[in-house]
Amino acid sequence: MRLGTLLDIDVVAIHTDEEVASLVEVTAPPAPVDAARRPVVLVAVLDRSGSMSGSRLEQAQRALCDVVDRLAPTDVFGLVAFDDHVTVPVPAAPVTDKAAVKHAINRVHPGGSTDLGAGYLRGVQEARRVAGDNGATVLLLSDGHANHGLTDPEALGSIAGTSAATRVTTSTIGMGLGYDERLLAAVARAGRGNEHFAEEAATAAALIADELGGLLSQTVQAASLLVRLAPSVKAVRLLNDTPAVMTPDGLMIELGGFYAEESRKLVLEFAVPGLAALG
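In this note's numbering, the protein residues as written are 153 to 431.
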């Protein structure tokens, strides 16, 4: 990874504390030439509640089967399905028998209500089990509002943020016009993933394909940046909407995955004492 920094001032006052802003640009390396890509670890969490019956569920299943066809035997895929109960039709494992995996995907049938929280938690559990050093991605697909179990967006966002800190990112696809936009947005943003909207079932299939394409082209997964503070710096604040937490070593910023040569900008604000206090 390559880092570049810019400060908004050249000097600080002698007797007055200053707020100093720094622009940090983080750039991923280019894709290796003729090098084997890192294995993808993907766990799909599929809403199979009654409202998904018909074209929505069928298109999602078809798209997930296409995903399986594009994966290598070294890649890992899992499927969690939920209505008011949670099942694991495909335990996360290397894709060594594509026909069996696709058969299990197509055996998912629509059911009852929507316990999105339980489905997501089980998906995170599967992803953590197989994440390894390369991390994992949970892809949550839903067309409705969570009406059973854990339904609070902040609580689910907190789980997504904690998972991102352990190299498990979360992307979401909201299907149709009735999905819980606030909840899925909270999960995707805290989970350092992508937030998608598909009004039509066919659009959802294209978004699932795009999400996989992004994973296949990533050169960095589950990246983080530690900002260490000099003893004289009183405080630091991250101005981006990016998960971050203070640790004994400094400010830990969770960045998630990067595509080849992708750049992101962070803005940090430091509380710096005047020159006189620095000695």
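Ideal placement from N, C-alpha and C gives every residue a C-beta, glycine not left out.
Under the three-state reduction of DSSP, K386 is assigned to coil, being neither helix nor strand. L155 and L175 have their C-alpha atoms spaced approximately 10 Å apart.
Excluding the 5 residues flanking it on each side, G269 has same chain C-beta neighbours closer than 7 Å at A298, G301, L302, T303 and L308, in chain order.
Assignment of E414 by DSSP, reduced to helix, strand and coil, places it in the coil class. For V176, the enclosing beta strand (DSSP E) begins and ends at E170 to T179. Annotation: the continuous alpha helix (DSSP H) that includes S310 extends over P305 to A317.
Taking C-beta atoms as the reference points, I325 and L359 count as a pair closer than 8 Å.
If the five residues before and after S323 are omitted, its C-beta is found closer than 8 Å to the C-beta atoms of T289, V290, L291, L292, A340, G343, G345, N346, E347, H348 and E363, all from its own chain and listed in chain order. In this model, K417 and E177 are separated by some 4 Å (Cα to Cα). When secondary structure is reduced to three states using DSSP, R259 falls in the coil class, being assigned neither helix nor strand. Here the C-alpha atom of T179 lies approximately 12 Å from the C-alpha atom of L377. In the three-state reduction of the DSSP assignment, R222 falls in the helix class.
When DSSP assignments are scanned along the segment 230-287, the uninterrupted stretches of alpha helix (DSSP H) that are 4 or more residues long and fall wholly within it turn out to be 250-258 and 268-282. Looking from the CA of A196, the closest CA among G202, R189, A245 and P182 belongs to A245.
As DSSP reads the structure, I405 sits in a beta bridge with L377 and A396. By the C-beta criterion, the segment 308-322 is judged not to be in contact with the segment 216-228, since fewer than 3 inter-stretch pairs fall below 8 Å. Taking 8 Å as the cut-off, the Cβ atoms of V247 and D227 count as close.
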